[in-house]
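A.B. asks: If you read the protein sequences in the order shown, they are chains F and B.
Reminder that position 38 of the first sequence reads as 38 in the numbering used here, one-by-one numbering, no gaps.
Convert by adding 1000 to the 1-based position in the second sequence; the result is the number in the numbering used here.
Just dropping this structure here.
Protein chains: 2
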Amino acid sequence: MSDTSLDDIDLFFKARSVAIYGASATPNSVGQSIVQNFIKPQYTGKVYGVNPKYSSVLGVPCYPSLQEIPDPIDMVIVAVPAQLTPRVFKDIAKKKTKAAIVVSGGFSETGPKGAALENEIVEIAKKNGVRIIGPNCVGVIDTQTHIDTFFLPEHRCGRPRPSNVANISLVSQSGAFAAAIADWTAELGLGISKIISLGNKSDVDDDDLLCYLSDDSSTQVICYYTEGYDPLQGRSFFNTAKTVTPNKPILVVKSGRGERAKEAASSHTGSLAGSDRVADAAYKQAGIIRAENFEYMFDMAKALAMQPPAKGDRVLMVTNGGGLGVMATDAIEVLGLAIPPPSSNLKEKLQERLPPYCALRNPIDVVGDGDSQRYDAVFEETISSDEYDIFVVGMLLQTPSLGMDITNHIANYSRQSGKPFVVISMGGGFTTKAGEIMELMGVPTYATGEKGALAAWALAKYGEIRYGKDFRKTADFDKS
Amino acid sequence: MSDTSLDDIDLFFKARSVAIYGASATPNSVGQSIVQNFIKPQYTGKVYGVNPKYSSVLGVPCYPSLQEIPDPIDMVIVAVPAQLTPRVFKDIAKKKTKAAIVVSGGFSETGPKGAALENEIVEIAKKNGVRIIGPNCVGVIDTQTHIDTFFLPEHRCGRPRPSNVANISLVSQSGAFAAAIADWTAELGLGISKIISLGNKSDVDDDDLLCYLSDDSSTQVICYYTEGYDPLQGRSFFNTAKTVTPNKPILVVKSGRGERAKEAASSHTGSLAGSDRVADAAYKQAGIIRAENFEYMFDMAKALAMQPPAKGDRVLMVTNGGGLGVMATDAIEVLGLAIPPPSSNLKEKLQERLPPYCALRNPIDVVGDGDSQRYDAVFEETISSDEYDIFVVGMLLQTPSLGMDITNHIANYSRQSGKPFVVISMGGGFTTKAGEIMELMGVPTYATGEKGALAAWALAKYGEIRYGKDFRKTADFDKS
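Here it is, written out as structure tokens:
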């Protein structure tokens, strides 16, 4: 343990010195991949290997045991066969290291023998105040400190980056998913702060990380993938969640709706999936938003990370494409949000500023030859009217009459209004780039009407969770 | 009309000579954009402009009227203000041209005055055997003949390409959607044969195109976006569809589920959205698969274009990631497909060929260190067992133990088995490229478990539509 003490969970993300148990000179081995992560210049802490076979691995000094390392060690990463781990944990205890990530498999997920081994290391750890992530996991990525125990080569598994706007942290029970999501979000350009793979949750569980991430200033939205809860762990998780959700959104994807999936989950991480309906009710009570799948979760998380929650559920849609207006309002209505038409007073004001062939319903259609001035007119009048809580902006860029200045205009009104904005922009190359620009300016942008509608719903749903009775609810947006 | 006669609808896709009414020298104008499309070297027919102001536009010879063009004209594209169109149609009639795409707006979608104009041109056209696409549309893209009336510049609106494997054609009521989808599918790498924007459907309607596309050898799957049907047009469309669907899949996205969207649709293309439930029932009866949105439609269309329909609903999932197995089988089960465990006989065979820590349920988990030989063992045994109708293959490439040879292996088994295969591969850069390679070999690949499950469902659903009573149905896969 180092001098300035770090909170126990903090060590997993901020360790200033790490030792890799099972560091290996064998190319592509787990023990080598992890060493490779820590010798990247971005990681500024100290790195050691533990393996009696080597005196150094990739230039990293290697020792037969932790004891012999001349420095204090904040965190140990354990990548040795399961049957060796009890010995390793005795070594960890002697070294007074307080954090261990066990990436090895062969524990409770394989049956009673493995479960016994798992109990053995947990007991040693508990007696000595050592926290464990895993076993049977890929560990932790922190995009700021560059702690990275994912033993997957970067050319196969890209690493996400933090964003200047807002960041998401993800806790995943499944290691393969944690890796696939790291790789996926690296491409998506979503700002990621931390990804944690929990594996068998022998010690550190969803609740521990929730407590930690709720206070983590670099995490704006907390996401979970879970296959189920241990009843006791589940209870404490939901109790904590209740206190967190008014301040920070929590989203979850939970598998195991079907019987088949429940079985698979139990063989995968030894989880008891339990009743899915019970989980659903608990999510609702705790203010956790459940997403049907990862895509939806990240679509919602992006909106919640970038935009303020809505103070009511009245959506205005403005678009330059009629079909997009139809599709998006359709989806918004199916999700139960309100789409009130502009009042006659507001309509008059809009009529003065827009050509007569623009449709002044909701959606407001500035039509195919619309430019950013028409959007301006709509934003100015509708924002000052205070008739709407959420703005959904259809931006079809296939037509050259809409210049790229529209991106600045939308970003400005979004900031000025203090109300949440969501952009829908369908298309290919040019459109994709424009969407990336919108998001660099903090406005979440989606490729389809349904995704945009879902983002609006999440902003309203989380507004209700945050503002409770002060949330203006005019429609039954919880029906879906 | 040319010498070798083309079927009337054929002219819209194969015109060997076109005249652009309203060809213009003004940069970025509609009349110029269309000329630009036809002077690309890919279009091998003859091009003329009609505009008394010019003798040539971008090097294309321009005449004051159609009459003066020295060649026969297969198709006219009309891009002049609505009030001039009756005169244009008299000119078309005299020239004996039989196909006209009217891209101009200002007709029935704007009210009674516009409707009167629309009636006027339709009457002239009917009397003289001229077929009309539009008005209020962007017309037609044919990726093989390079007929392209989309008046949107290519840097803003990419153009899709045909694929060597199989192609989709899309009929869209909305022009903006047709453009956005052209642009989107250009990026997706989906093989597209034709995109048709119907606009006000004053003459050529969904049914005409269905008759045409059902016989079109370059279209393997027919997709529609519609906001509603005219009762009469609707009836003939559904009657035709009934005869088409046993031979070619038809997918549809129909908006207008909500009240708000119905209103917007009526102001957009003058459609009567009608009861959504009635449409739903009609889709079912006609064997048309309704998708909730464009993403789902293209996900399903890709599978149906690339793979044979399933002869039953028994899905086998094989994966190297436990979490992915859980998520995907969850989604498959929610969609109501059967996921039977392997028989004890099959299990024994698998046990002989796989390490003991592989899970031999359904999903079969060849686990994180699985290589293509393990997949081979699963494919060989499960295909020859004949216990399954659809194969869903989870392929997580973050782990280096799975080499790129897996793509060839999957493609080979897919071809040999004669049964539909679907791949799920989540991740970023490397994974995306591998997915593109899979699809070049004809196996549809998806980024999430849910999308893969939906693809499997579509293959089963269409199998049921095609094989009727011979389809093996063990579960209620129609419940969703």
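C-beta atoms are modelled at their ideal positions from N, C-alpha and C, and glycine is treated no differently.
Looking at Val221 (chain F): is its Cβ nearer than 7 Å to the Cβ of Val318 (chain F)?
C.D. replies: No, Cβ-Cβ distance for Val221 (chain F) and Val318 (chain F) is not below 7 Å.
A.B. asks: Tell me the DSSP secondary structure of Tyr1043 (chain B) in three-state form.
C.D. replies: Coil.
A.B. asks: Say whether chain B places a C-beta atom closer than 7 Å to the C-beta of Glu118 (chain F).
C.D. replies: No - not a single Cβ of chain B is within 7 Å of the one on Glu118 (chain F).
A.B. asks: Just to confirm the assignment, what range does the beta strand (DSSP E) spanning Gly1394 (chain B) have?
C.D. replies: Here the beta strand (DSSP E) through Gly1394 (chain B) covers 1390 to 1394.
A.B. asks: Going by Cα to Cα distance, which pick from F:Tyr63, F:Gly59, F:Ile73 is closest to Arg16 (chain F)?
C.D. replies: That would be F:Ile73, whose Cα lies nearest to the Cα of Arg16 (chain F).
A.B. asks: For Tyr101 (chain F), which three-state DSSP category applies?
C.D. replies: Here the sequence assigns Ile to residue 101 (chain F), which means Tyr is not the residue at that position. In this structure, Ile101 (chain F) counts as strand in the three-state DSSP scheme.
A.B. asks: Please state whether DSSP places Glu372 (chain F) in a helix, a strand or coil.
C.D. replies: The question names Glu, yet the displayed sequence has Ser at residue 372 (chain F). Ser372 (chain F): helix per DSSP, three-state reduction.
A.B. asks: Given a cut-off of 7 Å on the beta-carbon distance, is the pair Val1080 (chain B) and Leu1066 (chain B) in contact?
C.D. replies: No.
A.B. asks: Verify the CB distance criterion: does Thr143 (chain F) have a CB-CB separation below 7 Å to chain B?
C.D. replies: So, not an interface residue.
A.B. asks: Distance check for Pro27 (chain F) and Gly1455 (chain B), CA to CA, integer angstroms please.
C.D. replies: The sequence shown places Ala at residue 1455 (chain B), not Gly. If you take the alpha carbons of Ala1455 (chain B) and Pro27 (chain F), they lie about 38 Å apart.
A.B. asks: Taking only beta-carbon atoms, is Trp457 (chain F) less than 7 Å away from chain C?
C.D. replies: Within the model displayed, chain C is absent; protein chains F and B are what it includes.
A.B. asks: Would you grab the beta carbon distance between Lys1014 (chain B) and Thr1145 (chain B) for me? Rounded to a whole angstrom, and I think it's under 8 Å.
C.D. replies: With 8 Å as the limit, Lys1014 (chain B) and Thr1145 (chain B) qualify as a contact, their Cβ atoms being about 6 Å apart.
A.B. asks: What whole-angstrom Cβ distance do Asp330 (chain F) and Ser1255 (chain B) have, given they're in contact under 8 Å?
C.D. replies: Confirmed, Cβ separation roughly 5 Å.
A.B. asks: Where does the unbroken alpha helix (DSSP H) through Phe1421 (chain B) begin, and where does it stop?
C.D. replies: Where Phe1421 (chain B) is concerned, there is no enclosing alpha helix (DSSP H), although the beta strand (DSSP E) it sits in stretches over 1421 to 1424.
A.B. asks: Please report the straight-line C-alpha distance between Glu464 (chain F) and Asn247 (chain F), rounded to a whole angstrom.
C.D. replies: In a straight line, the C-alpha of Glu464 (chain F) is about 12 Å away from that of Asn247 (chain F).
A.B. asks: In the DSSP assignment, find the unbroken alpha helix (DSSP H) run with Lys194 (chain F) in it and report its ends.
C.D. replies: Element bounds for Lys194 (chain F): not the alpha helix (DSSP H) but the beta strand (DSSP E), 192 to 197.
A.B. asks: CA-CA distance, Leu84 (chain F) and Asn412 (chain F)?
C.D. replies: Roughly 59 Å between the two C-alpha positions.
A.B. asks: Quick one: Cα of Lys1349 (chain B) to Cα of Phe294 (chain F), how far?
C.D. replies: Distance between the alpha carbons of Lys1349 (chain B) and Phe294 (chain F): 35 Å.
A.B. asks: Would you mind telling me which residues of chain B sit closer than 7 Å to Asn167 (chain F), beta carbon to beta carbon, in chain order?
C.D. replies: Ordered by position in chain B, no residue passes the 7 Å Cβ test against Asn167 (chain F), which lies about 18 Å from the chain.
A.B. asks: Under 7 Å, do Val1138 (chain B) and Gly1175 (chain B) count as touching if we go by C-beta distance?
C.D. replies: Closer than 7 Å, so yes.
A.B. asks: Excluding the 5 residues preceding and the 5 following Lys347 (chain F) in the sequence, name in chain order all residues of the same chain whose CB lies nearer than 6 Å to its CB.
C.D. replies: Excluding sequence neighbours, Lys347 (chain F) sits near Leu360.
A.B. asks: So Thr1319 (chain B) is in the beta strand (DSSP E); what residue range does that whole segment cover?
C.D. replies: Unbroken beta strand (DSSP E) run through Thr1319 (chain B): 1315 to 1319.
A.B. asks: Does Thr1243 (chain B) come out as helix, strand or coil in the three-state DSSP assignment?
C.D. replies: Thr1243 (chain B): helix per DSSP, three-state reduction.
A.B. asks: Taking the Cβ atom as the reference point for each residue, do Ile1195 (chain B) and Ala1178 (chain B) lie within a distance shorter than 7 Å?
C.D. replies: Their beta carbons are under 7 Å apart, which means Ile1195 (chain B) touches Ala1178 (chain B) by this criterion.
A.B. asks: List the residues that DSSP assigns as beta-bridge partners of Leu254 (chain F).
C.D. replies: Correcting the residue type first, residue 254 (chain F) is Lys in the shown sequence and not Leu. DSSP output for Lys254 (chain F) lists F:Thr226 as bridge partner(s).
A.B. asks: Looking only at C-alpha atoms, which of B:Pro1363, B:Ile1034, B:Arg1415 sits nearest to Pro1153 (chain B)?
C.D. replies: The candidate whose alpha carbon is nearest that of Pro1153 (chain B) is B:Ile1034.
A.B. asks: Give a yes or no on whether 7 Å exceeds the smallest Cβ distance from Cys157 (chain F) to chain B.
C.D. replies: Yes, contact with chain B.
A.B. asks: Suppose you measure from the CA of Ile1147 (chain B) to the CA of Ala1182 (chain B); what does that come to, to the nearest Å?
C.D. replies: Cα to Cα, Ile1147 (chain B) sits roughly 14 Å from Ala1182 (chain B).
A.B. asks: Using 10 angstroms around the beta-carbon of Phe1164 (chain B), count the other beta-carbons present and answer buried if the total reaches 16, otherwise exposed.
C.D. replies: Note on identity: in this sequence residue 1164 (chain B) is Asn, with Phe being the wrong assignment. Counting Cβ neighbours within 10 Å, Asn1164 (chain B) comes out exposed, since fewer than 16 surround it.
A.B. asks: With a cut-off of 8 Å, do at least 3 Cβ pairs link the segment 195 to 204 of chain F to the segment 234 to 244 of chain F?
C.D. replies: Because the criterion of three Cβ pairs below 8 Å is not met, the segment 195 to 204 of chain F and the segment 234 to 244 of chain F do not touch.
A.B. asks: Going by beta carbon distance, what residues of the same chain come within less than 6 Å of Lys242 (chain F), once the five residues before and after it are set aside?
C.D. replies: Once the five neighbours on either side are set aside, the close Cβ partners of Lys242 (chain F) are Ala286.
A.B. asks: According to the Cβ coordinates, are Gly1321 (chain B) and Leu1396 (chain B) closer than 7 Å?
C.D. replies: Result yes, Cβ atoms of Gly1321 (chain B) and Leu1396 (chain B) sit closer than 7 Å.
A.B. asks: Using 7 Å as the limit for Cβ to Cβ distance, is Pro444 (chain F) near chain B?
C.D. replies: With 7 Å as the cut-off, Pro444 (chain F) does not count as an interface residue toward chain B.
A.B. asks: So Gly418 (chain F) and Pro340 (chain F) are in contact, right, with Cβ under 8 Å, and what is the actual spacing, rounded?
C.D. replies: Going by Cβ atoms, the distance from Gly418 (chain F) to Pro340 (chain F) rounds to 20 Å, so no, they are not a contact pair.
A.B. asks: Between Gly1435 (chain B) and chain F, is any beta-carbon pair separated by less than 7 Å?
C.D. replies: No, because no Cβ of chain F sits closer than 7 Å to the Cβ of Gly1435 (chain B).
A.B. asks: In three-state terms, what does DSSP make of Ile1069 (chain B)?
C.D. replies: Three-state DSSP puts Ile1069 (chain B) in coil, outside helix and strand.
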